[in-house]
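What the sequence shown shows, in the working numbering, is residues 1 to 122, in sequence order.
Quick reminder that beta carbons are idealized off the backbone N, C-alpha and C, glycines included.
Below: one structure, written as structure tokens.
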Amino acid sequence: PLVRETGGLRDTIVDVAHSDYPEHRRNGFSFNDANETALQITIHRAISSYDNGYDWWSRVLVPRVMSQDWSWSRSAADYLELYREVADAAVQWRSSPSLPQPDATRQHTLQQQMQQMQEQLQ
């Protein structure tokens with residue numbers, strides 16, 4: 001992939017030349033500045049990598065990229081796990097004797113919503 005480093009693309013695509021990340025995380029070509037020159041340089045780097053390093057391209061980069069799962073199913077599962085952790089922390093916090101206890105109806109509704117999300121992921 002060749003992307004401009006913005007939003008989720010910045011989190012997803014790590015430039016192959018980015019030495020701050022382990023080799024196995026580097027999965028594409030990226031640029032930061034939103035201008036024609038930055039895009040052209042990045043395109044040139046990608047083409048040059050293909051032309052001068054085809055063996056690396058085909059044996060390392062392509063399998064690495066193809067094995068990564070950036071689907072919504074994976075993202076949804078990650079968010080569901082995060083929501084569970086937050087909900088568990090909230091329950092522990094709310095069980096403090098100095099705080100009012102949660103409304104049982106609201107708690108039941110939240111549990112049903114989380115169950116529905118889990119079923120949709122399966």
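By the three-class DSSP mapping on this structure, what secondary structure does residue i have?
{"i": "Ser71", "result": "coil"}
{"i": "Asp78", "result": "helix"}
{"i": "Tyr21", "result": "coil"}
Using the DSSP secondary-structure output, state which residues sit across from residue i in a beta bridge.
{"i": "Arg4", "result": "Phe31"}
{"i": "Asp15", "result": "Gly28"}
Give me the Cβ distance between residue i and residue j, rounded to the nearest whole Å; I'm assuming they're in contact under 8 Å.
{"i": "Ser48", "j": "Trp57", "result": "Actually they do not touch by this definition, with Cβ atoms about 11 Å apart."}
{"i": "Leu2", "j": "Ile43", "result": "7 Å"}
{"i": "His24", "j": "Arg64", "result": "7 Å"}
{"i": "His18", "j": "Arg26", "result": "6 Å"}
Which same chain residues end up closer than 8 Å to residue i when comparing Cβ atoms and leaving out the 5 residues on each side of it in sequence?
{"i": "Leu39", "result": "Arg4, Phe31"}
{"i": "Leu121", "result": "Ser73, Ala76, Ala77, Leu80"}
{"i": "Ala87", "result": "Leu110, Met114"}
Does chain B have any CB closer than 8 Å to the CB of residue i?
{"i": "Trp57", "result": "Protein chains in the displayed structure number just one, and chain B is not present."}
Cutting at 6 Å between CB atoms, please list the residues of its own chain near residue i, excluding the five before and the five after it.
{"i": "Gly28", "result": "Pro1, Ile13"}
Leaving out the 5 sequence neighbours to the left and right, which residues in its chain are closer than 7 Å to residue i when beta-carbon positions are compared?
{"i": "Arg45", "result": "Phe29"}
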